[in-house]
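Below you'll find the structure, written out as structure tokens, and then a few comments.
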Amino acid sequence: MNAVRRGLGNGLVQAFLVVVGLIWLTPLAGLFVSSLRSSQDTAKGGWWTALVSPGQLSFDNYSALLKNAGITQAFWNTVLISVPATVLVVVLAALAGYAFAWLDFPGREPLFLLVVALLVVPVQIGLLPVAKLFGALGLFGTIPGVVLFHVAYGLPFAVFLLRNYFAEMPKEMLEAARMDGGSEWRIFTRLVLPVGRPAIASLAIFQFLWVWNDMLVALLFADSSSQPLTVALQSQIRQFGSNIDVLAPGAFLSLIVPVVVFFAFQRHFVQGVMAGSVK
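Residue numbers for the sequence shown follow full-length UniProt numbering, so the first one is 1 and each next one is one higher.
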């Protein structure tokens, strides 16, 4: 009887999760279907009408999108901004997190408290001062300028996260590695990084999604030649019904990349989220 109840309970939970998953995927499916319809068909009815009239669907919008130099350039600008901003934050935060967790150096605690204090600084406060600084340095309106801004404002949380994760590692494990003659660099690369992979993967996902979907920073710090996809799509908005054939495929392209990244690393993400409760 208990086995039946457990089976029924698991079945209900799985059915509920399937329903939640379908609801969550409905907007994505609707956007994809809309991206395959012409602006004339979109004006006649909602995207669900294409389910009974599949003749409306074609990849003409994507062909036109690939021929749109502004959108394709914006897509590659987004890649050139998101990937370096993610890699730099993860690498620097991993190094700093290990140093704050396991290395003794003068001023370690005050410096870490300063990092924690930077977590409460809103990004809006730094927009104008950093814009003036980048203007003086010749970085305003460039991709490196946007990357540096994302790195600077992503590091405090990243260092805080990885330092706390690394600090939970068994001290005996690191001491045994030192007694075996391992250098700090070797311990960091061969021991700490593999053990901390779930937290690092979670951080990489969060940072990538934040930078990829950002529009505020890019809207201010990027010019027309370095603007990412979010800004390029925003500039395309004239009237929803008149250029949906550009907005829909562009928005789906902007959305599908972070979705693919999330599902590709979801196993590590779940491990990183659950790590604190397991320890």
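Don't be surprised by glycine CBs; every beta carbon is placed ideally from N, CA and C.
Under DSSP, G250 shares a beta bridge with no residue. Taking a contact as a CB-CB distance under 8 Å, the pair Y165 and A117 does not count as one, their CB atoms being some 20 Å apart.
Between the alpha carbons of L255 and W185 lies a gap of roughly 38 Å.
When the five nearest sequence neighbours on each side are left out, the beta carbons in the same chain lying within less than 8 Å of the beta carbon of T72 are those of L65, L66, in order along the chain.
Leaving aside the five residues that flank I244 on each side, the residues in its chain whose CB is nearer than 6 Å to its CB run, in chain order, S39, T42. In the three-state reduction of the DSSP assignment, G141 falls in the strand class.
Contact check between the segment 73-87 and the segment 171-185: fewer than three CB pairs, one atom from each, fall below 8 Å, which does not count as touching.
The beta carbon of F112 sits closer than 6 Å to the beta carbons of F100 from its chain, once the five residues preceding and following it are set aside; these are given in chain order.
Linking S235 to Y153 through their CA atoms gives a straight-line distance of about 26 Å. If you draw a straight line from the Cα of D214 to the Cα of T230, it comes to about 7 Å. A direct Cα-to-Cα measurement between N77 and P110 gives close to 38 Å. One alpha carbon belongs to S53, the other to S226, and they sit about 40 Å apart. Straight across, the Cα-Cα distance linking V19 with G138 is about 52 Å.
A residue is called buried when at least 16 other Cβ atoms come within 10 angstroms of its Cβ; Q124 does not meet this threshold and is exposed. Taking a contact as a CB-CB distance under 8 Å, the pair V91 and V146 does not count as one, their CB atoms being some 18 Å apart. By a beta-carbon distance limit of 8 Å, A96 contacts V159. Their separation comes to about 5 Å.
CA-CA distance, F59 to L36, rounds to 6 Å.
For T230, the uninterrupted alpha helix (DSSP H) run begins and ends at 229-236, by DSSP. Restricting attention to G46, F265, G126, F252, the CA atom closest to the CA of Y62 is found in F252. Residue burial is scored here from C-beta neighbours: T86 has at least 16 other C-beta atoms within 10 angstroms and is therefore classed as buried.
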